[in-house]
Structures are given as C-alpha cells and as structure tokens.
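Here the structure is laid out as structure tokens; the discussion comes afterwards.
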Amino acid sequence: MKKLLLSKLDEWLTTLSETQRIILPIKQTDQVNFGVYAPGAEVSLETLRTVKSAKDAFFPQVENMMNFRSEGKSISVETVPLEEEDFILIGVRGCDEKSFEILDRVFLSDPFDPFYAARRKHATIVTLACSRPDENCFCTNFGVDPTNPKGDVTSWIVDGTLYLTGNTEKGEALIASLEDANDEPVAAQQNKTREILEKLPFAHLDLNGFDGDHLMEKFSSSKWADLSEACLGCGTCTFVCPTCQCYDIRDYDTGRGVQRYRCWDSCMYSDFTLMAHGTNRPTQVERFRQRFMHKLVYFPSNNDGTYSCVGCGRCLVKCPQNLNIVKVIKALGGDRNDN
Amino acid sequence: MPMNQEWKPKIVAFCCNWCSYAGADLAGSSRLSYPADVKIIRIPCSCRLNPLFILRAFQRGADGVILCGCHPGDCHYSTGNYYARRRMTALFGMLSYLGIDSRRTRVEWVSAAEGAKFAETMNDFAKTIYALGENVKLEDLRCKEN
Amino acid sequence: MQRELMERIRALMDKGVADQVLAWKRGEFFYDTEPAILTKDELGEMVYDSFCGPNLSKYLIKEMPKIENKILALIKPCDSYSLNQLITEHRIDRDKVYVIGVGCKGKIDVDKIRAKGVSGITGVDENGDKITVHTLYGDTTLDRKDVLLGKCLFCKGKEHRIADETVGESEDTSEGSDRFEMVKKLEQMTPDERFSFWRKELSKCIRCNACRNVCPACSCVKCVFDNPNTGVQNKAAANEFEENLFHIIRAYHVAGRCTDCGECSRVCPQGIPLHLLNRKFISDINELYGTYQAGECAGQRHPLIDYTQEDSEPSIVHERGNNG
Chain A
1 MKKLLLSKLD EWLTTLSETQ RIILPIKQTD QVNFGVYAPG AEVSLETLRT VKSAKDAFFP
61 QVENMMNFRS EGKSISVETV PLEEEDFILI GVRGCDEKSF EILDRVFLSD PFDPFYAARR
121 KHATIVTLAC SRPDENCFCT NFGVDPTNPK GDVTSWIVDG TLYLTGNTEK GEALIASLED
181 ANDEPVAAQQ NKTREILEKL PFAHLDLNGF DGDHLMEKFS SSKWADLSEA CLGCGTCTFV
241 CPTCQCYDIR DYDTGRGVQR YRCWDSCMYS DFTLMAHGTN RPTQVERFRQ RFMHKLVYFP
301 SNNDGTYSCV GCGRCLVKCP QNLNIVKVIK ALGGDRNDN
Chain B
340 MPMNQEWKPK IVAFCCNWCS YAGADLAGSS RLSYPADVKI IRIPCSCRLN PLFILRAFQR
400 GADGVILCGC HPGDCHYSTG NYYARRRMTA LFGMLSYLGI DSRRTRVEWV SAAEGAKFAE
460 TMNDFAKTIY ALGENVKLED LRCKEN
Chain C
486 MQRELMERIR ALMDKGVADQ VLAWKRGEFF YDTEPAILTK DELGEMVYDS FCGPNLSKYL
546 IKEMPKIENK ILALIKPCDS YSLNQLITEH RIDRDKVYVI GVGCKGKIDV DKIRAKGVSG
606 ITGVDENGDK ITVHTLYGDT TLDRKDVLLG KCLFCKGKEH RIADETVGES EDTSEGSDRF
666 EMVKKLEQMT PDERFSFWRK ELSKCIRCNA CRNVCPACSC VKCVFDNPNT GVQNKAAANE
726 FEENLFHIIR AYHVAGRCTD CGECSRVCPQ GIPLHLLNRK FISDINELYG TYQAGECAGQ
786 RHPLIDYTQE DSEPSIVHER GNNG
C-alpha cells in the first residue's frame, strides 16, 4: 500500500497531467462533476456523489461519429478518429465502478462499440472507497463493496491522507513513485464504514421476483399508474444514472454537409424511439415502466441476473418530484402479490 | 476561412412584405447601393418574426440580424408591428443580459417609399457589424467549418 | 396543521364536494414527499409539512379531462399565482377545482442541508427558527432560514390569490429581499463578464428538461424542442450554441406568463439559477410597460400580448447602457 498526503494531491496531479489527461471530480459553480484536470482546478474528491456519474469518461453525452461532406455532385464520408490516448480516471466510487461492468456488457458485446472500447482500453481507473455513505445509498444490494472498490488502483481517504493500492500492472505503475504505507488505518476505516452500511435504511431491499420469470407479472402490475403519477417526464434520472446507456443518433445539417453524432436519450421522453407510426409508449406510465422494467427485469434476464442499477442513489437525490427506483422496488419487489 | 481573404460580415435582414421589402426594391430601382453582405428574408409582417429565427440566423453564421417593418401605426394588419416592438425589446434585452453585444440586433421601421432610408440603414448596420467583427458568442462551430 | 387539513379534506369528501385530492404523499424519508392524487381511502398517505415544496398547480392540467365532478387541490400562496395563470390560459377549468389554500411558512430544501456538509440524514426536528437534523453521523442544528428553498427567500407574500377556503397560517419569508438584486448586479457587469457568468452556469446543463417540464407556464402539448419538424429538436445540447438556444427560448416563451414560482431553479439537478433568466424578463417588463405580476388574478392580459402606441423602441436595450 502507498500513501499521499491530500495536501500534496495537487502536486501529484500536476505531474501526472503532464503526460496524461486526468478526469476527476471538479467543482464548478457549486456543483461537482467529473471533469478534465488542469492545475488550479477545484478538485473535490470528498464529494460522495458527483451530479453526473463517471460514465461520461467512456460514454460522453454528445460525441461525433462521422461527417458527410458534399461538394458538387459527390459526397465524401469522413470518419472521426477514435480516442486512442491514455487517461486516468480518479475518484470513482464503488457504485460507479460497478456501472462500467454493466456498460461493458452493452457496448463491448455485439454490436461492438469502437468509440466506447477505445476509451475503455486507454483508461487507468483509480477508485475511491466510501467512508460516509448517505442515507439513500443502497449499492450493497447490488454486490458492490463501497469500502473496497475495484479498478486499477483502489484508494481510501483517512484523516487527510490518500492511501492507494494497485490491483493491476497498470495501476501499480501509476502509484509506484509514491511513499509506502501500512494498511492499518484503511482496515480500521473499512470496519467502521461496514457497520454504518449495515444500518442504512435501504441496506436490505427485497429484490425477489425481479427476473425474467416474473416479467409479465411485473409488467402488468396495477401499481405502475400510481408509481408514475407525479413523473414529469424529464430526463434527470436517466442523465444522472451511471448505467443508463440509451442514445440517439442524429444528423446535423451544417449547410455544407452533415455531421452525424450521438447523444444520450431518455426513455422518459415522449420522442424516445419515435417511429414512423408514432410511439409505442404513448403515456408517461409506459415510459416510466420501461425505465424500471429495463433496469430490474429485462436487463438481468438477458445478462445472467445482473441488475442494471448499482444503487448510487443519484435518482433519489435528483428527481424533482422524489420518484425513484427504491420506491419501485419496495412497491413491486419481494413476494408481494398485487393483483 | 483562408487567411488572405478579407472577413466580410454576414447580415440577415428580415423585411416585412408590405413596406421594408418594397423599400428594398425601391432602393434597388433607385440605384442606391447597400452592402451585398445583407441577405434579405421576406416575412409577411414584422410580427411574424419568431425569436427562433433570429437565433437560428446567428447559428447559421450571421454576424448581425436586423428586422425592418412598417412604421408604428402603419401596419398592414393594423397592430402587428406594435407587438413585434415589445417582443424584440424583450428578446434583445435577454441577449444583452447573456453578454451578447446588443448592437448585433436592431429593429428599424422602413416604409415602401423610403428606399433611401433602407439603403442608409443597411449601410449603417453593416458598418456597425463590420466594426464589431465576427459573431463568436452566438456561433455554432459546426456551421463555420472551412 | 396536517391533521386539521386532513380532517377538512375528509369532511369535504364526505359532503360530496369531490372524491379526489391533489396533495403530497409521504415518501421513504421525511423529506421526499411526492405529488399525488389521493382518494378518500388513500388519505392516510397524505402529508403536509415543511418539505412540500413542489408546486402542484400544473398537475391539474393532466387531470382536467378525467374530472367529472371536482377535484380538491392544495395550493400554497405562491402556487396560487400559477393556478391563476393556468386558468387565464384556459388550461384549467376553474369550475372543476375546489381550491384549498394551505398555509405556508416557507419550505425547506434538503439539498441546502446537504450542501452544508450534512449527510446521512435520517430525521429532522423543527423548533421555531432552528431545525435539528438527525443523521447517521450525529445531530446538527441549523438556522431554518438558511435552508429554505431559494424561492421562499423571495416569497410573494402570505395571501392566496385564489382559494375557495384556506387552512392554516402563512408567513412571509422574504424578509424584504429584492428579487431583482442579482438581475441588477448582472446588468451592471460588462458583456464579457455576463457572458462568462452564463457560460459557467449554462455549460453545466444536461438538458434533462426538468426546468421545462416542471414549469406551470410550459404547458405546450408539443414543445418545439421535442418536435422533429422544427429543426431545433434536440436531446442534448451538441455545443454551446444549443445550450444558449434552449435556455433563451425556454425563458422567452414564458416571458410575461412566468409567475416567478421558482420551480425551474428548484428542480435543476445542476443548480443553474434559471430563475434569473425569467426575472430579467419580469424586470424589463416592469420597467418598460409598468409593474406586472403574472397570476395575480385570473383573466389578466400580459404585457407581451399587449401594446401601447407610445412603447419604447427596441433600441432602448442599447441605450440603457452597459450593453456592450
């Protein structure tokens, strides 16, 4: 195990940033989001939850895919080069780290996504353990250990010191130059945090019945109407979610050609997957149901039981009208029979 | 834009069909000159100007946008330009509030008989925009490639 | 007050005035109340406390076609402006709503409690001007006024502008604040300073559309930004221009109709002070066309669909100085 005084963090980041791009939680006008480090940036590792998740580092909200240029009667197609540069992603919490596994299942299986894959390949991920989980954290339900997250390097903050341990060759190399440390403070913190985790209100959600076998039962539940009643149909939950991966591919007419880009889309929107015949989810009840059915039923039934939720709690904090996945799990989960 | 080429402003003029558009015609037939950088878009009434049109003009590369309509009191539809006047005041105020130079947007009342005023207005507006330089704050780089 | 309110609702329902009520219902925690339409049987879930911040008036639009008799609606003093405005715009049928004006002494913003470094919140005790927050990590005592919702700091007063009856006491929480203070401050900056202020704010936008969807004035059946035929439909801002475009148009479209209810800023996940855009329009309207408060009463004609022959010319924007 290695250590670094937090007061020396900026120095270390500055040195690292000379050779590689660093992405980590940065504060901008009161909000903390993952952003590219530049010396002087207001780094905020202690922030438990960034507004947006760390998925932006691999799957940005907007990215160009190709350009078409028309000249006279000919049209040329220009591809956009993949991002083939190494970068370091620092301060990823256990939940966000787990979300990469879920995104990998989507983007790295057929059809393979080269844009995502390139970024994924070039990243060194430094995770950060949690020591002060929030009342609406529930990652432990989804197999996340926030006290010991994975990644190339795992780090802990104990009393103004950052402790780091390498899990991969890439990770070991990154922290090789740092001072050695013993792991007692870390172990002590982990034990304390685990006690708190046990006491969290959502530490043991009943996920029974959220699987392919109960698909029709969940789908037809009469509770969706009530659950979605207050839904505004905004995309906040989707866009702050670390596992939401839907996107739309759009063409922008620049006047000289066309720029083809993709951007995040939300199943909460009325124009989501809009087709020539219209939409197959005409009201918010269906859209709302789609989002949670996807996370809790469709995804696990297609992916060996892996839920597409990591319990980060962002949707609980950010939903304007306080709707969220925990309310859905509590209403529909377990052995309840609601017919 | 190649370095050796002199920068020329792009100006979009939205002109009311019943007055300013005819005013532009008169300017032309009277052989009064106004800059070729001014691209005229004819609208049925100054009131037809949706604020989106102005923003879209800037997006597509305009450096200045001017609206020309009938003099207050002379609207072909009686009151359209009165509404346009309030709406544009509100919109221009907002653009300025966002830090966009308010001289890039203008409203002028030009009647069908005022060919000279039309030419003069356009010359003056083009001069202003020329002095302000390229619109950067409201540009869409995708439309500016090459 | 909650019990009093519940009893009154039950009594009204018993009398057959309505069989549903638009209210807030309890969530998983004490703070995550959720707007809901409750029947008499569900009335037990109802909650009314310091965490009922959401403005419910817009939900009535959705209910209108479903209502046969009447619906009860709980409306706070500030929400009553929005309700009036929606009645003015014929989005809500006054005859179908029985308005219960509920008293309000300012609502608490749990995000502001969190912003003070308080995490693991499990409970709260309110005690006059102070609140004690219980957390997994111990208790913290805070001044109530420090954690009020942004909109409550510019409270429009304790009077309900529309109500069939009122329940509970209200309090003006504005403490004489000037809601245009920040607008004036921005107007005094140089254009470049203003531009960089707004770039820093608007660049955080994730285009979740929460500001639009929550807004009682944004009630178009199909928004231009959702309509593929408008040329501006977009699901994410592809660049700075589109960020600006969305926010200018959003604010512009509600200009004159915005009651300054503050919901846009309350719901923004990135904390963008969107109300400052709306307030610029309000401030300009007040200054140029006379003081106007949208939603003060039903049936008003707002200044941007009105005119006088003596109106100032748009060039006033430039003449007023410091516009670049």
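Residue numbers (the working numbering), protein chains in the order written: chain A, 1 to 339; chain B, 340 to 485; chain C, 486 to 809.
Where a beta carbon is used, it is the ideal one built from N, C-alpha and C, also for glycine.
Taking just the CA atoms, how far does residue j sit from residue i?
{"i": "Thr518(C)", "j": "Lys98(A)", "result": "30 Å"}
{"i": "Ile439(B)", "j": "Met674(C)", "result": "12 Å"}
{"i": "Val609(C)", "j": "Tyr622(C)", "result": "14 Å"}
{"i": "Asp213(A)", "j": "Asn302(A)", "result": "12 Å"}
{"i": "Leu128(A)", "j": "Ser542(C)", "result": "43 Å"}
{"i": "Tyr416(B)", "j": "Pro348(B)", "result": "33 Å"}
{"i": "Ser44(A)", "j": "Pro25(A)", "result": "6 Å"}
{"i": "Ala740(C)", "j": "Asp769(C)", "result": "10 Å"}
{"i": "Ile560(C)", "j": "His738(C)", "result": "24 Å"}
{"i": "Ile733(C)", "j": "Asn420(B)", "result": "22 Å"}
{"i": "Ser567(C)", "j": "Val802(C)", "result": "29 Å"}
{"i": "Ile102(A)", "j": "His787(C)", "result": "51 Å"}
{"i": "Pro320(A)", "j": "Leu388(B)", "result": "34 Å"}
{"i": "Asn339(A)", "j": "Ser222(A)", "result": "Legend: pLDDT at Asn339(A) = 43, less than 50; position of this residue unreliable, value from coordinates given subsequently. When rounded, the distance between both Cα atoms is 7 Å."}
{"i": "Val92(A)", "j": "Lys592(C)", "result": "34 Å"}
Under the three-state reduction of DSSP, which class applies to residue i: helix, strand or coil?
{"i": "Ile889(C)", "result": "For chain C, the structure presents residues 486 to 809; residue 889(C) sits outside this window and is missing."}
{"i": "Arg786(C)", "result": "coil"}
{"i": "Phe392(B)", "result": "helix"}
{"i": "Glu611(C)", "result": "strand"}
{"i": "Asp248(A)", "result": "strand"}
{"i": "Ile468(B)", "result": "helix"}
{"i": "Cys640(C)", "result": "coil"}
{"i": "Gly91(A)", "result": "strand"}
{"i": "Glu513(C)", "result": "coil"}
{"i": "Asn339(A)", "result": "Low confidence applies to Asn339(A): its pLDDT is 43, below 50, so where it sits in the model is not reliable enough to give any reading."}
{"i": "Leu296(A)", "result": "helix"}
{"i": "Val80(A)", "result": "coil"}
{"i": "Gly212(A)", "result": "helix"}
{"i": "Met340(B)", "result": "Caution is warranted here: a pLDDT of 48 is assigned to Met340(B), below 50, making its placement in the model unreliable, and the coordinate value is therefore given only provisionally. Correct three-state label for Met340(B): coil."}
{"i": "Ser221(A)", "result": "coil"}
{"i": "Glu179(A)", "result": "strand"}
{"i": "Thr626(C)", "result": "strand"}
{"i": "Ala54(A)", "result": "helix"}
Taking DSSP's pairing of strands, which residues face residue i in a bridge?
{"i": "Asn489(B)", "result": "Residue 489(B) is absent from the model: chain B starts at 340 and stops at 485."}
{"i": "Ile770(C)", "result": "In DSSP, Ile770(C) forms no bridge with anything."}
{"i": "Val158(A)", "result": "Thr161(A)"}
{"i": "Leu671(C)", "result": "In DSSP, Leu671(C) forms no bridge with anything."}
{"i": "Phe68(A)", "result": "Val77(A) and Val258(A)"}
{"i": "Arg381(B)", "result": "Cys354(B)"}
{"i": "Gly403(B)", "result": "Ile350(B)"}
{"i": "Cys231(A)", "result": "DSSP output for Cys231(A) lists no bridge partner at all."}
List the residues of chain C whose Cβ lies closer than 8 Å to the Cβ of residue i, in chain order.
{"i": "Lys349(B)", "result": "In chain order: nothing, as chain C lies at least about 15 Å away."}
Whose Cβ in chain A lies nearer than 7 Å to the Cβ of residue i?
{"i": "Glu734(C)", "result": "The question names Glu, but residue 734(C) is Ile in the sequence shown. Under the 7 Å cutoff, chain A gives no residues; its nearest Cβ is about 17 Å from Ile734(C)."}
{"i": "Cys705(C)", "result": "In chain order: nothing, as chain A lies at least about 12 Å away."}
For residue i, which residues in chain C fall below 7 Å Cβ to Cβ?
{"i": "Lys476(B)", "result": "Phe680"}
{"i": "Leu322(A)", "result": "Leu is not the amino acid found at residue 322(A); the sequence shown has Asn there. Gly512, Asp517, Thr518 and Glu519, listed in chain order."}
{"i": "Val51(A)", "result": "Pro754 and Gln755"}
{"i": "Pro411(B)", "result": "Gln794"}
Residues of chain B with CB under 8 Å from residue i, in chain order?
{"i": "His575(C)", "result": "Result: empty, since nearest Cβ-Cβ is about 20 Å, beyond 8 Å."}
{"i": "Gly255(A)", "result": "Arg399, Gly400 and Cys482"}
{"i": "Ile801(C)", "result": "Thr428"}
{"i": "Tyr792(C)", "result": "Thr418, Tyr421, Tyr422, Arg424 and Arg425"}
Residue i touches chain B at which residues, Cβ-Cβ below 7 Å?
{"i": "Phe726(C)", "result": "Gln398, Leu477, Glu478 and Asp479"}
{"i": "Tyr252(A)", "result": "Arg481"}
Find the residues of chain C that neighbour residue i, judging by a C-beta separation of less than 9 Å, and give them in chain order.
{"i": "Lys199(A)", "result": "Leu621"}
Name the chain D residues that come within less than 7 Å of residue i, Cβ to Cβ?
{"i": "Gln259(A)", "result": "Reference to chain D is not applicable here, since the protein chains of this structure are A, B and C."}
(request) Taking 8 Å as the threshold, find out whether the stretch 217–224 of chain A comes into contact with the stretch 673–688 of chain C through three or more Cβ pairs. (result) no
(message) Below 8 Å, how does it come out for the stretch 646–658 of chain C and the stretch 575–588 of chain C: are there three or more Cβ pairs, yes or no?
(response) yes
(request) Assess, as a yes-or-no matter, whether the stretch 232–248 of chain A is touched by the stretch 261–279 of chain A under the definition of 3 or more beta carbon pairs within less than 8 Å. (result) yes
(message) I want to know whether the stretch 691–705 of chain C touches the stretch 663–679 of chain C - three or more CB-CB distances under 8 Å.
(response) no
(message) Quick check: the stretch 274–290 of chain A against the stretch 53–61 of chain A, are at least 3 beta-carbon pairs closer than 8 Å?
(response) no
(message) Taking 8 Å as the cut-off, does the stretch 358–367 of chain B touch the stretch 440–454 of chain B (at least 3 CB pairs, one atom from each stretch)?
(response) yes
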